[in-house]
Amino acid sequence: MKLTMEQKKIREGLCFILPGFLYMLIILGYPLVYNVILSFKNVNVRTFASGTDVFVGLQNYQELFANATFQLVLKNTFVFTFCCLIFQFSIGFLFALLFSKKFTLAGPIRGMILVGYMMPMSVTALLGKNMFDKSSGVINDLLMKIGLVSAPVDWLLQPGTAMAAVIAMNCWVGIPFNMLLLTSGLTGISTEVLESAEVDGANAWQRFWKITVPLMKPAILAVLMLGFIYTFKAFDLMYIMTSGGPLNSTDVLGTYAYNLSFTQYEFSKGSATAMILFAILFVIGLFYLRLIAKEDE
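Mapping of the sequence shown onto our numbering: position 267 corresponds to residue 268, and the numbering continues sequentially without gaps.
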């Protein structure tokens with residue numbers, strides 16, 4: 002049977018897609034399916050060694066949601082995510098507006114701000130751990146010199162201040178990321194539209210609120226959704242800076258799933274925690290795609 006030109010193109014396209022599809026299926030698909038199955042069993046260090054694990058249904062999920070520590074971890078995850086989003090987005094937006102103007106040393110200053118984003122998160126975490134150290138940290142030294150504190154603060158050993166410290170370090174990475182994406186959104190706005198509004202009598206605030214923000218809506222949605230996903234699945238920052246402590250005050254779903262699986266050897270509960278994390282991000286992803294579809298319409 003002779004194939005038409007269109008059928009040949011479809012077949013060629015499928016041949017190009019197939020390697021990537023198989024890679025995704027093996028590297029991502031298999032672990033995901035295995036993790037789902039594992040979350041419905043009672044696999045721990047004892048049952049794994051003896052091979053006596055059995056299917057327990059939703060028992061792992063029920064025990065997790067009834068656990069006070071898990072409830073705290075879930076709360077920590079949302080508090081950490083929303084606090085980071087608020088600071089990252091607001092400061093990143095201000096920087097984007099600032100650097101959309103031409104002024105002396107704009108390039109070098111913007112480059113210095115981007116250093117935090119270019120550094121690996123593990124390096125950022127180690128830097129934060131040293132900066133907030135009680136005895137040798139630069140934060141205590143600076144605050145004592147300007148008179149805001151009279152004695153060194155145990156930033157990473159107190160529940161309230163430990164969460165503030167990890168939020169600050171995550172924002173240091175997230176602000177440049179927000180600035181970059183929002184700057185690209187600003188550059189897409191025609192100056193003619195803003196100039197026309199100014200001629201019509203619109204002041205700076207009206208031009209910003211009525212023209213700039215609506216035209217930047219796709220970029221803003223992308224920044225918020227991507228920021229939520231990247232922040233919600235945080236792991237290395239907490240694990241290196243605080244290991245989830247003190248008293249689980251900086252434990253998030255990522256670190257809690259790791260500790261359940263590889264410290265307490267409760268493999269099924271660790272998998273269930275990871276699936277809860279995945280489910281929340283999956284719902285957020287669907288919500289974002291729905292918003293994008295509405296924007297396209």
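Every residue, glycine too, gets a C-beta built ideally from N, C-alpha and C.
* So, is Phe-100 buried or exposed, given that buried needs 16 or more other C-beta atoms within 10 angstroms? -> buried
* To do: May I ask you to list the residues that DSSP assigns as paired with Lys-42?
  => Phe-56
* Asked: When you compare only the Cα positions, how much space is there between Met-235 and Ile-147?
  -> In the sequence as displayed, the identity of residue 235 is Ala instead of Met. Near 33 Å, if we compare the C-alpha coordinates of Ile-147 and Ala-235.
* Asked: Beta-carbon separation of Leu-187 and Val-224 under 8 Å?
  -> no
* Measure from the alpha carbon of Tyr-289 to the alpha carbon of each residue in Thr-48, Ile-230, Lys-10 and Ala-67, then state which is nearest. => Ile-230
* Minimum C-alpha distance to Thr-243 - residue among Ile-114, Ala-165 and Met-119 -> Ala-165
* **Which listed residue (Leu-292, Thr-264 and Glu-193) has its alpha carbon closest to that of Thr-213** => Glu-193
* Please check the pair Ala-258 and Leu-278, which I expect to be a contact at CB under 8 Å, by giving their CB distance rounded to whole angstroms. => Between Leu-278 and Ala-258 the Cβ distance is about 7 Å, and since that is below 8 Å, they are a contact.
* Just the Cα atoms here: how many angstroms apart are Leu-127 and Leu-238? -> 8 Å
* Asked: What do you get for Thr-105, buried or exposed, if any count of 16 or more other CB atoms within 10 angstroms of its CB means buried?
  -> exposed
* To do: Have a look at Glu-196 and Gly-202 and give me their C-alpha separation to the nearest angstrom.
  => Cα to Cα, the separation comes out at about 10 Å.
* Asked: CA-CA distance, Gly-108 and Leu-115?
  -> 11 Å
* **Reference Phe-283; option with closest CA among Met-226, Lys-42 and Lys-130** => When each option's Cα is compared against that of Phe-283, the closest is Met-226.
* To do: Could you tell me whether any non-hydrogen atom of the ligand NAD is closer than 7 Å to the CB of Cys-84?
  => What this structure holds is no ligand at all, so the ligand NAD is not there to describe.
* With DSSP as the reference, label Gln-89 as helix, strand or coil. => Gln-89 falls in the helix class under three-state DSSP.
* When the Cα atoms are used, what is the spatial distance from Cys-172 to Ala-220? -> 19 Å
* Three-state secondary structure (DSSP) of Ala-235 -> coil
* Asked: Do you know whose CA, among Leu-144, Leu-95, Val-154 and Val-200, lies nearest Phe-178's CA?
  -> Leu-95
* **Where Phe-133 falls: helix, strand or coil (DSSP)** => coil
* Coil, strand or helix - Gly-148 by DSSP -> coil
* Same chain, Cβ closer than 7 Å to Ala-198, five either side skipped, listed in chain order -> Arg-208 and Ile-212
* Can we say the segment 60 to 78 touches the segment 143 to 162, given the rule of at least three CB pairs closer than 8 Å? -> no
* What do you reckon, are the CB atoms on Val-74 and Val-253 nearer than 8 Å? -> yes
* Asked: By Cβ distance, which residues of its chain are closer than 6 Å to Lys-130, with the 5 residues on each side in sequence left out?
  -> Met-242
* Asked: When the distance is taken between beta carbons, is Gly-93 closer than 8 Å to Ile-176?
  -> yes
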